[in-house]
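Chemist: Residue numbers (my numbering), protein chains in the order written: chain A, 1 to 346; chain B, 1001 to 1328.
All C-beta atoms in this analysis are idealised placements derived from N, C-alpha and C, irrespective of residue type, glycine included.
Quantities reported herein were computed from a predicted structural model and do not represent experimental measurements.
Mind looking over this structure? Questions follow.
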Amino acid sequence: MARTAAKTKAPRKAAERGENDAPPVADDLLLDFYGGMLLVRRFEEKVGQMYGMGLIGGFCHLYIGQEAVVVGMEAAIGPDDAVIASYRCHGHALVRGVEPKAVMAELTGRADGVSKGKGGSMHIFDPERGFYGGHGIVGAQVPLGAGIAFAQKYRKENNITLTFFGEGAANQGQVYETFNMASLWKLPVVFVVENNRYAMGTAVARAKAGTELCHRGEAFGIPGVRVDGMDVEKVYAATLEAAAHARSGEGPILVEMQTYRYRGHSMSDPAKYRTRDEVQKIRTERDPIDHLRETIARRGAADDDRLRQIDRDVKSRVAEAAEFAQISPEPDLSELLTDITVETAA
Amino acid sequence: MAGITVREALRDAMAEEMRRDGDVLLIGEEVAQYQGAYKVSQGLLDEFGEWRVIDTPITEHGFAGLSIGLAMAGLKPITEFMTFNFAMQAIDQIVNSAGKTLYMSGGKVRCPIVFRGPNGAAARVAAQHSQDYASWYGHVPGLKVIAPFSAEDAKGLLKAAIRDPNPVIFLENEILYGQTFDLPDDDDLVLPIGKAKIEREGRDVTIVAYSIMVAKALQAAETLADEGIDAEVVNLRTIRPMDTATVIESLGRTGRLVCVEEGWAFSGIGAELAAVAMEEGFDLLDAPVRRVTAVDAPLPYAANLEDAALPRAERIAAAARDVCYVKT
Chain A
1 MARTAAKTKA
11 PRKAAERGEN
21 DAPPVADDLL
31 LDFYGGMLLV
41 RRFEEKVGQM
51 YGMGLIGGFC
61 HLYIGQEAVV
71 VGMEAAIGPD
81 DAVIASYRCH
91 GHALVRGVEP
101 KAVMAELTGR
111 ADGVSKGKGG
121 SMHIFDPERG
131 FYGGHGIVGA
141 QVPLGAGIAF
151 AQKYRKENNI
161 TLTFFGEGAA
171 NQGQVYETFN
181 MASLWKLPVV
191 FVVENNRYAM
201 GTAVARAKAG
211 TELCHRGEAF
221 GIPGVRVDGM
231 DVEKVYAATL
241 EAAAHARSGE
251 GPILVEMQTY
261 RYRGHSMSDP
271 AKYRTRDEVQ
281 KIRTERDPID
291 HLRETIARRG
301 AADDDRLRQI
311 DRDVKSRVAE
321 AAEFAQISPE
331 PDLSELLTDI
341 TVETAA
Chain B
1001 MAGITVREAL
1011 RDAMAEEMRR
1021 DGDVLLIGEE
1031 VAQYQGAYKV
1041 SQGLLDEFGE
1051 WRVIDTPITE
1061 HGFAGLSIGL
1071 AMAGLKPITE
1081 FMTFNFAMQA
1091 IDQIVNSAGK
1101 TLYMSGGKVR
1111 CPIVFRGPNG
1121 AAARVAAQHS
1131 QDYASWYGHV
1141 PGLKVIAPFS
1151 AEDAKGLLKA
1161 AIRDPNPVIF
1171 LENEILYGQT
1181 FDLPDDDDLV
1191 LPIGKAKIER
1201 EGRDVTIVAY
1211 SIMVAKALQA
1221 AETLADEGID
1231 AEVVNLRTIR
1241 PMDTATVIES
1251 LGRTGRLVCV
1261 EEGWAFSGIG
1271 AELAAVAMEE
1281 GFDLLDAPVR
1291 RVTAVDAPLP
1301 YAANLEDAAL
1311 PRAERIAAAA
1321 RDVCYVKT
């Protein structure tokens, strides 16, 4: 874990600790990670299949390869904390506890979808679970997340907001406008840049003057952390510290999660801007789920039967979601004109 | 009844709503220590403190988005733009985040926010600082758009906007800030959003206007009265949802319609009113609808050119004569 110009005390320990020293987590938690990551992976694989069958339409951005990020981060925060994400949001919603059935039915555009079928893949919301979307304009969720954090501070809650964005969004002006305000007002927000190395088809180095994204908050006094986002234990440990920092009242912190997406930017992207070898190499050598499976075996956290049981449970949940999403009816035509504004008594 | 300026009416509306509801807060550039770039938020910092009256950096896109986040989390921000010209920096957040999230979330995420500030031309500030955004925001389902004229409008509609659970665009006018109107002594003056007001009754022609153009329309009506033309002046008050019923009823009485706006004609509020008159009041029309708008050019600086560019009472009166087929 590399740390940049942190003016604050709390996270400094991490810098002293070095790359590979995250303390091992308990066996039960490892298995929770495994179940969570597998759920996101299998869910997204099923989404890919269903998209190919024409059951899902429009823009659809898969999260395969990045699972360790949301799973490890979610485990390090509480249910009363808030999360907001970009359009690549299926995984974020699932780990927040949104039912896979409700997410899948949203993707098929059905009445039982989490947004009644009116939002689609990019617009999953569940504020009761502290999940604020699901936003389609690159970077737009960043000031929104700071606003949610402002509300948490205004209400004197001890809660924080994880504000996710991709490394592509890290070039948007509003991200820096938000960094400025969030630091100025010491808002309890963890900015998470999920660096999956390609902003659509543009590699990081082709679009960024300065590729060390964790440093991008420095001018605003926001400490930055770079984390191996393919290792769920490291993600978890870094998030515990980042969340503690944001909760302490010392202001925001920026976490760069170094990760990789296996699929194209969206379903319509053949990803010709990178070699097949590059993808294959990461899948073989750095896959976050394989890595976790090895860790579990090495530590004897669970035997193969237990892992196979988790595999079966996840598969059946995903199959159930896929079936549900196909039987659920299309929204009633009257839904066309509901939820445009909140009706008022007058 | 007491005389009060539009500026004071706006301030009183905010102060009353902030006393009434601890979730209401004011955020924007120079709203706190400076007391408002146009002194609209005078005294609010002293009364409510720096966590409810918040000075932002000059960062419209950012603070608009941050304010929308506040609203999504359940607070009720009043977000001031120093002028709506600067809100173009933030229009993605206003339209895409504030205007559409309720729908996209199937009704789950609300956005109770008021975006307010001066709109339209002031005096001699040239093209980039002189634009009427009524038709821009009026175009968007999911937004409510209000354009008050008098102190009564300003106070009663701003209070209604703050209480409304939806995003509301509240288009004020700098020139009107200092104008004094009679206002009933009522601490709880709340006017309905979506209802127009007939400012002057008349039989011969309906002149529909909003914001400062209501004053011009009333002025034109006086001139017309001297000539024997009895004009009815409708103050729209709300752009969206538009009170088309009041317009059509008035058209039913007069048979003639003139629409006045400070914005450009193309796809403007007058164009919308003309379409409504055709669709809902075709048989009531005794003459084609006429629009009086800004000329189709950026607003110039030179005093004579600026004057020629904006709707004047004489142009409104001339349009009214035209639709009444009166030759001068």
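Looking at the secondary structure, which residues open and close the beta strand (DSSP E) in which B:Glu1272 lies?
Modeler: Where B:Glu1272 is concerned, there is no enclosing beta strand (DSSP E), although the alpha helix (DSSP H) it sits in stretches over Ile1269 to Gly1281.
Chemist: Once you ignore the five residues that flank A:Gly120 on each side, which residues in its own chain have a CB closer than 6 Å to its CB?
Modeler: Correct list, in chain order: Gly58.
Chemist: On a CA-only basis, which of B:Leu1010, B:Ala1002, B:Phe1081 and B:Glu1172 is nearest B:Glu1029? Give me that one, please.
Modeler: Checking every option, the nearest Cα to that of B:Glu1029 belongs to B:Phe1081.
Chemist: Here's the rule: buried if 16 or more other CB atoms are within 10 angstroms of the residue's CB, otherwise exposed. What is A:Lys153?
Modeler: It is buried - the Cβ of A:Lys153 has at least 16 other Cβ atoms within 10 Å.
Chemist: Cα separation between A:Ala345 and B:Asn1166?
Modeler: For A:Ala345 and B:Asn1166, the distance between alpha carbons rounds to 13 Å.
Chemist: Which chain A residues are close to B:Val1109, counting only those with a beta carbon under 8 Å from its beta carbon?
Modeler: Residues of chain A passing the Cβ test: Phe125, Pro127, Tyr132 and Gly133.
Chemist: Taking the alpha-carbon positions, what's the A:Lys315 to A:Leu39 distance?
Modeler: Cα to Cα, A:Lys315 sits roughly 8 Å from A:Leu39.
Chemist: Measure the CB-CB distance between A:Pro347 and B:Lys1076 and report whether it falls below 7 Å.
Modeler: Outside the displayed span of chain A (1 to 346) sits residue 347 of chain A, for which this structure offers no information.
Chemist: Tell me whether the beta-carbon of A:Gln174 lies closer than 7 Å to the beta-carbon of B:His1139.
Modeler: Against a cut-off of 7 Å, the Cβ pair of B:His1139 and A:Gln174 comes out as no contact.
Chemist: By how many angstroms is the C-alpha of B:Ala1127 removed from the C-alpha of B:Leu1284?
Modeler: In a straight line, the C-alpha of B:Leu1284 is about 38 Å away from that of B:Ala1127.
Chemist: Ignoring anything shorter than 3 residues, give me the beta strand (DSSP E) runs that lie fully in the region 1006–1067 of chain B, in order along the chain.
Modeler: You should have 1024–1028 and 1053–1055.
Chemist: So A:Val342 contacts chain B; which residues on that side make the cut at Cβ distance below 7 Å?
Modeler: Chain B residues near A:Val342: Leu1102, Arg1110, Pro1165 and Asn1166.
Chemist: Straight-line CA distance for A:Arg276 to A:Gly264?
Modeler: The straight-line gap from Cα to Cα measures roughly 12 Å.
Chemist: Could you tell me which chain B residues have their CB closer than 8 Å to the CB of A:Tyr154, listed as they occur along the chain?
Modeler: Under the 8 Å cutoff, chain B gives Leu1025, Trp1051, Leu1070 and Leu1075.
Chemist: Look up A:Phe164 in the DSSP assignment and give the residues it is bridged to.
Modeler: A:Phe164 is bridged to A:Val192.
Chemist: For B:Lys1144, go through chain A and note every residue whose CB falls closer than 8 Å to its CB, in chain order.
Modeler: Neighbours of B:Lys1144 on chain A, chain order: Thr341.
Chemist: Contact between the region 90–107 of chain A and the region 176–194 of chain A: three or more CB pairs below 8 Å?
Modeler: These segments do not touch.
Chemist: Establish whether the CB of A:Thr108 and some CB of chain B are separated by less than 7 Å.
Modeler: It does not; no Cβ of chain B falls within 7 Å.
Chemist: Would you kindly report the start and end of the unbroken alpha helix (DSSP H) that includes B:Leu1176?
Modeler: That run of the alpha helix (DSSP H) goes Glu1174 to Tyr1177.
Chemist: Could you name the residues of chain A that B:Asp1182 contacts, counting a contact when the two beta carbons are closer than 8 Å?
Modeler: What B:Asp1182 touches in chain A: nothing, since even the nearest Cβ is about 24 Å away.
Chemist: What number of angstroms, rounded off, separates the C-alpha of A:Gly72 from the C-alpha of A:Tyr236?
Modeler: Between A:Gly72 and A:Tyr236, the C-alpha separation is close to 4 Å.
Chemist: With a threshold of 7 Å between beta carbons, is B:Asp1186 in contact with chain A?
Modeler: It does not: the Cβ of B:Asp1186 has no partner Cβ on chain A nearer than 7 Å.
Chemist: Please name the residue in A:Val342, A:Ala302 and A:Met230 whose C-alpha comes closest to that of A:Leu29.
Modeler: Answer by Cα proximity: A:Ala302.
Chemist: Mind checking if B:Gly1178 is an interface residue toward chain A, Cβ cutoff 7 Å exclusive?
Modeler: Cβ-Cβ to chain A under 7 Å: no for B:Gly1178.
Chemist: Along the chain, where does the beta strand (DSSP E) containing B:Ile1078 start, and where does it finish?
Modeler: Segment Lys1076 to Glu1080, the beta strand (DSSP E) holding B:Ile1078.
Chemist: Less than 7 Å between the C-beta atoms of A:Val192 and A:Val255, yes or no?
Modeler: It is a contact, given that the beta carbons lie within the stated cut-off.
Chemist: When every heavy atom of the ligand SAH is checked, does at least one fall within less than 6 Å of the C-beta of B:Ile1027?
Modeler: In the structure shown, the ligand SAH is absent, as is every other ligand, since no ligand is present at all.
Chemist: Who are the near neighbours of B:Leu1045 in its chain, counting only those whose CB is closer than 6 Å to its CB and skipping five residues on each side?
Modeler: Same-chain partners within the cutoff: Ala1032 and Val1053.
Chemist: I'd like to know whether the C-beta of A:Ile77 is nearer than 7 Å to at least one C-beta of chain B.
Modeler: It does not: the Cβ of A:Ile77 has no partner Cβ on chain B nearer than 7 Å.
Chemist: Going by beta carbon distance, what residues of the same chain come within less than 8 Å of B:Ala1161, once the five residues before and after it are set aside?
Modeler: Correct list, in chain order: Val1114, Arg1116, Lys1144, Ile1146, Val1168, Phe1170 and Ile1193.
Chemist: Considering only the beta carbon of each residue, do B:Asn1096 and A:Ile137 sit closer than 7 Å?
Modeler: Closer than 7 Å, so yes.
Chemist: For A:Glu177, which residues in chain B fall below 9 Å Cβ to Cβ?
Modeler: In chain order: Pro1057, Thr1059, Glu1060, His1061, Gly1062, Phe1063, Gly1065 and Leu1066.
Chemist: Thinking just about the alpha-carbon of each residue, which of B:Ser1211, B:Ser1135 and B:Val1247 is nearest to the one in B:Ile1175?
Modeler: Per the Cα distances, B:Ser1211.
Chemist: Give the DSSP-derived three-state secondary structure of B:Leu1183 in the structure shown.
Modeler: Three-state DSSP puts B:Leu1183 in a strand.
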